[in-house]
Structures are given as structure tokens and as C-alpha cells.
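For the sequence shown, the residue numbers in this note's numbering are 1 to 318.
Below is one structure; the comments refer to it alone.
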Amino acid sequence: MTSSVQTLLSAVVDYAGLFPPAQLSLPEAIGNYEQDRTSSQAWMLGRFVLPAGRVPELAFLTQSSGSEPWPLSVVLSGGLEAILEQMRSLQSVPPQATPSSSPLALAALEFPPLPPSALQSLLPQMPNGIDAFFEVPFTDPLPHLKALKGTGAFAKIRTGGIKAEAFPTVTQLSQFILACADAEVAFKATAGLHHALPGDHRLTYEPESPTAPMHGFLNVAIAATFAYSQAATLEDLSKILRETLAVRGDSSEKESGFVFESGGIRWGAHHISSTSIQATRQHFFHGFGSCSFQEPIHDLMELQLLETSLTPQKLATK
């Protein structure tokens, strides 16, 4: 594996197997996450994502775990009062930065779409040491990013779903990434990013599921790197998000598209160093939520960017 692949994708996937389209049972999702944490690709695995209301059940099912605490990203829902009540209910879960014998550690909170004024009400009540991701509408992100600027909180963009209209266009996604870079607000993405490169894919695991154009997680990560470390334009990011080729620098394939080299990533006449990639991952692009950890790995293997075989897993309850 080329080192730039690992730099770009370290801890990039927050596992969200409880959510559509997989919608696994909690025991199934737990089994997958436990397996993935000990796999050869565990370096790509981030947090375990679940709704606030499922945390007590998860705590019960993992109480005998002898491994390192699971880092949780807890999804909140409802209006302002409901969110505050859910935050209070999580006070028994120790923050990830705090040493504890608990099998669970609270690493992040993910907030639903809220008016910018509600963000300003919630931010002072955030617990210390917990990342806060506020969902921002891709149709009009600027008011929310203005509210988040300088607060230390992060944005979250929904990059897909089980309906075609849930996916932002290339232009909308490019504008969002550039706006985040301009506002100096880091972000994560969620949904619709379980494929490495853009293409038409099924929206669910149903046999007769309709298809829709989906974005690629490599494209989003690389676009974020260009936006954060170089003077990228809207046209640049749009081209990056549309790129459909990726190869290793030592590959026998014709070196077009994204070329992963030991010292960075080359794309056409442009080059991003591994140092810039690492800075982007640390300070700007925090990763993406996916209901599958295996599908991103499978795509990377198909591109010969990873070389390890997969262990079959339960993907969906259908």
C-alpha cells in the first residue's frame, strides 16, 4: 500500500451500520465493528455512529468488552429542548480524552439541521473534549458556516441518502467545501459515500433498487485537501469531484486520474504532498459516515490501492 493512501484515509470511516440503507440490528452492527477493529484495515476505521437513544442498549451489550473503549459519535435529533435532554442523558459516558474503564467513550456529537440561531444557543453548552458536528444544508451553507466560524465546532454535510434528491450536485458540494475552507470550519460528510469514485449505484440493497449518481469518497477527501492547502477554484474542485480514475504511482496502468505516490498525490499537473494531506485530515476533513466499512475497502482493493482480502459481513437485514 502506498503511504499516501494511508495518510489520506486514516480513521476516515465512521461506521454507521444502524442507519439506512443497511439498517442493521444493533447486535449485527456491534459484530461488524468488533471484527473491523481487529482487521488488517482497522487503520481506516473511525467512530461507531448511533442514535442517542441506543447508547444505553449499546452499553449493556458491550459491558464485558476487554478492548480499548469504543469511540462513539452520537447522533442527536429533534428540536432544541429534545437535543439538550439527549445531551444530558449522555453525561454518564466518559469523554474519549478521559481515561476510563468504561467500554464506551464519547468522541463526538452530531446535530440535526437547525437554524443558525439554535447553533449559537447550543455551542456554549457543549461538553469539553467532544467534537461537535452541525449538519449544514448544502443548498445554502453560508449562514450556518458563519455561525460556526471561530467556535471550534464543525460542519457536517449530507452527501446522499436513499433518494436521488438527497445527493448534492457537484457544484453544490464544491461550493460547500470551498465555503468551509474560506470560513476555516472543518467538516465531515455522511451518507452516500461508500464508493471510492463517482458513478451510478443502487440507492439501497433491495434487488430492484433504483440507481443514482453518487460521489466518491476519494474525490471528496482530495477536493478537501486542494481546498485547504492550495488556492483551488470552484472549477478545480468540480473537476476533482468528477474524476473517475485512481492508480498507484508504481502501477502498470496508465498514470491518469489520481496518482497515489509515496510522497503525496498527483493529479494532472498538480501535486499534493503527504504533509499537506496529513494537515488536511487533522484540521479540515474529518472523514465520512458510512453504513458499510467493507464496501469502501472493496472499492480500494478493486483499484489496487489496498491488497488485503475481505472477511464477509452482514450488510443489511433485507
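All C-beta atoms in this analysis are idealised placements derived from N, C-alpha and C, irrespective of residue type, glycine included.
Just so it is clear, the structure is predicted and the values come from calculations on it, not from any experiment.
DSSP on residue i, reduced to helix/strand/coil?
{"i": "residue 4", "result": "helix"}
{"i": "residue 188", "result": "strand"}
{"i": "residue 162", "result": "coil"}
{"i": "residue 312", "result": "Caution applies to residue 312, whose pLDDT of 48 falls short of 50 and renders its modelled position unreliable; the model cannot decide the point."}
{"i": "residue 101", "result": "coil"}
{"i": "residue 292", "result": "coil"}
{"i": "residue 13", "result": "strand"}
{"i": "residue 129", "result": "coil"}
{"i": "residue 150", "result": "coil"}
{"i": "residue 135", "result": "strand"}
{"i": "residue 318", "result": "With a pLDDT of only 31 at residue 318, under 50, the local geometry of the prediction cannot be trusted, and the value read off the model is given with reservation. Residue 318: coil per DSSP, three-state reduction."}
{"i": "residue 22", "result": "coil"}
{"i": "residue 155", "result": "strand"}
Measure the beta-carbon distance from residue i to residue j and round it to whole angstroms, keeping in mind my assumption that it falls under 8 Å.
{"i": "residue 26", "j": "residue 47", "result": "Between residue 47 and residue 26 the Cβ distance is about 16 Å, and since that is not below 8 Å, they are no contact."}
{"i": "residue 187", "j": "residue 156", "result": "6 Å"}
{"i": "residue 102", "j": "residue 94", "result": "5 Å"}
{"i": "residue 263", "j": "residue 245", "result": "Their Cβ separation, rounded to whole angstroms, is 20 Å, which puts residue 263 and residue 245 out of contact at 8 Å."}
{"i": "residue 4", "j": "residue 260", "result": "5 Å"}
{"i": "residue 52", "j": "residue 90", "result": "7 Å"}
Where residue i and residue j are concerned, what is the direct C-alpha to C-alpha distance, given to the nearest angstrom?
{"i": "residue 2", "j": "residue 158", "result": "29 Å"}
{"i": "residue 145", "j": "residue 121", "result": "15 Å"}
{"i": "residue 162", "j": "residue 276", "result": "34 Å"}
{"i": "residue 310", "j": "residue 297", "result": "Only weak support exists for where residue 310 lies, its pLDDT of 49 falling under 50; the value from the coordinates is given anyway. When rounded, the distance between both Cα atoms is 8 Å."}
{"i": "residue 238", "j": "residue 205", "result": "29 Å"}
{"i": "residue 215", "j": "residue 203", "result": "12 Å"}
{"i": "residue 294", "j": "residue 44", "result": "11 Å"}
{"i": "residue 255", "j": "residue 247", "result": "7 Å"}
{"i": "residue 77", "j": "residue 269", "result": "44 Å"}
{"i": "residue 123", "j": "residue 153", "result": "8 Å"}
{"i": "residue 117", "j": "residue 80", "result": "11 Å"}
{"i": "residue 49", "j": "residue 265", "result": "30 Å"}
{"i": "residue 193", "j": "residue 160", "result": "7 Å"}
{"i": "residue 224", "j": "residue 125", "result": "29 Å"}
{"i": "residue 177", "j": "residue 306", "result": "27 Å"}
{"i": "residue 314", "j": "residue 28", "result": "For residue 314, the predicted model reports a pLDDT of 49, less than 50, meaning its position is unreliable; a value from the coordinates is still stated below. Residue 314 and residue 28: Cα-Cα distance of roughly 7 Å."}
{"i": "residue 218", "j": "residue 141", "result": "22 Å"}
{"i": "residue 234", "j": "residue 221", "result": "15 Å"}
{"i": "residue 282", "j": "residue 201", "result": "30 Å"}
{"i": "residue 24", "j": "residue 18", "result": "5 Å"}
{"i": "residue 39", "j": "residue 127", "result": "32 Å"}
{"i": "residue 179", "j": "residue 190", "result": "18 Å"}
{"i": "residue 267", "j": "residue 299", "result": "19 Å"}
{"i": "residue 319", "j": "residue 241", "result": "The structure shown has nothing for residue 319, since the chain only spans 1 to 318."}
{"i": "residue 75", "j": "residue 232", "result": "32 Å"}
{"i": "residue 104", "j": "residue 59", "result": "7 Å"}
{"i": "residue 147", "j": "residue 280", "result": "22 Å"}
{"i": "residue 274", "j": "residue 209", "result": "39 Å"}
{"i": "residue 82", "j": "residue 106", "result": "19 Å"}
{"i": "residue 211", "j": "residue 302", "result": "21 Å"}
{"i": "residue 139", "j": "residue 112", "result": "15 Å"}
{"i": "residue 62", "j": "residue 249", "result": "42 Å"}
{"i": "residue 108", "j": "residue 236", "result": "31 Å"}
{"i": "residue 227", "j": "residue 243", "result": "16 Å"}
{"i": "residue 42", "j": "residue 151", "result": "31 Å"}
Quiz item: Is there contact between the stretch 34-41 and the stretch 71-90, where contact requires at least three CB pairs shorter than 8 Å?
Solution: Pairwise C-beta distances place the stretch 34-41 out of contact with the stretch 71-90, as fewer than three of them are shorter than 8 Å.
Quiz item: Any chance the stretch 3-23 sits against the stretch 276-296, with 3 or more Cβ pairs inside 8 Å?
Solution: yes
Quiz item: Is the stretch 116-131 touching the stretch 171-178 in the sense that three or more CB pairs, one from each, lie closer than 8 Å?
Solution: no
Quiz item: For the stretch 201-287, which segments carrying the beta strand (DSSP E) assignment without a break, of at least 3 residues, lie completely within its bounds, in sequence order?
Solution: 211-214, 246-248, 258-261, 264-267 and 270-273
Quiz item: In chain order, which alpha helix (DSSP H) runs of at least 4 residues are fully inside the stretch 42-116?
Solution: For the stretch 42-116, whole alpha helix (DSSP H) runs of length 4 or above, ordered along the chain, are 55-61 and 80-89.
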